[in-house]
Amino acid sequence: MIVSSPVEFANSWKVSSTCPDAESNVDPCGARPNRHNWAKMQCSIITGTTFQQCHKKVDPTPFFENCVKDSCACDTGGDCECFCTAVAAYAQACTEAGVCVAWRTPEICPVFCDYYNDPGECEWHYSPCHTPCYKTCLNPNGTCSNPLPNLEGCYPRCPPPMSIFDEETGECVEICPPTPTPTTTTTPIPTTTPIPPSTTTPWTPTTTTLTTKPTTTPTPTTTPTPT
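Going left to right, the sequence shown walks through residues 114 to 340 as my numbering numbers them.
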């Protein structure tokens, strides 16, 4: 079956005919007019001077409209959660188009990477478009076989001579620890020793024949009586 709208597609999956149809898409800003002006003001960062260098490469209009709708409808994670996610989506599209925009500030969707810093260990810093290919113990050359887009986030900064990041310990090191060699345990296979053929002549039961000699019973004799 071919449908023409997401709502019609959703209704086609009803498990019971008594279930009501899903309503058409509701304008979240119309349902929450008190958020509409706030959402437009906040999302104007996408169409403003902050992203001006990206406008010619990535059309900001659909991102702005999505930002306003998401900001009006957001009811989880705080009012700014959906707004920040929507702006970050446009920033990532700009990064993939070759334009890096550092749009976050302490007042607008801040990211506090310094929270992860411990004294004497490597320092974590925020980067709006950091290469995912950097020197680690699993990737000591800092190269990637496949081209990957730069990504924003918290990244370790490892100055020389501790210029390699150890993923296992979360620290910057000069030399990575040796990779442990996996040990294998071999279970001996039991062997069976063949039994040599016996050289003893097999036992054959013998039969003994008993011969019975006939016995003769003596015939009694009669002694004549003298006359």
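Virtual Cβ for every residue (Gly too), placed ideally from N, Cα, C.
With respect to P245, C257 sits close: the two C-beta atoms are nearer than 8 Å. In the structure shown, S184 falls within a helical segment according to DSSP collapsed to helix, strand and coil. By the criterion of a C-beta distance shorter than 7 Å, F122 is surrounded in its chain by V116, once the five residues flanking it on both sides are discounted. Taking 8 Å as the cut-off, the Cβ atoms of S125 and R148 do not count as close. Closest by C-alpha distance to K248, out of P272, H238 and Y239, is P272. Annotated as proximal: V181 and A152, with beta-carbon spacing under 8 Å.
Within the DSSP secondary-structure output, P269 pairs in a beta bridge with W237. Separation of D134 and P119 (C-alpha to C-alpha, rounded to the nearest whole angstrom) is 12 Å.
Assignment of I159 by DSSP, reduced to helix, strand and coil, places it in the helix class. Here the C-alpha atom of K169 lies approximately 22 Å from the C-alpha atom of M154.
Residue burial annotation: I277 is buried, with at least 16 other C-beta atoms found within 10 angstroms of its C-beta. Under the three-state reduction of DSSP output, F278 falls in the strand class. Contact between T174 and N263 does not hold, since the beta-carbon distance rounds to 24 Å and is not under 8 Å.
Looking at the DSSP output, L264 shares a beta bridge with H243. For C197, same chain residues with a beta-carbon under 7 Å away, outside a window of 5 residues either side, are C222 in chain order. Around the beta carbon of C132, fewer than 16 other beta carbons lie within 10 angstroms, which makes this residue exposed. Under the three-state reduction of DSSP, C285 is assigned to strand.
Residues of the same chain with a CB within less than 7 Å of the CB of V286, apart from the 5 flanking positions on each side, are M275, I277 and D279 in chain order. Going by beta carbons, S240 and E265 fall inside the 8 Å limit.
Here DSSP, grouped into helix, strand and coil, assigns T249 to strand.
For F122, the enclosing alpha helix (DSSP H) starts and ends at P119 to N124.
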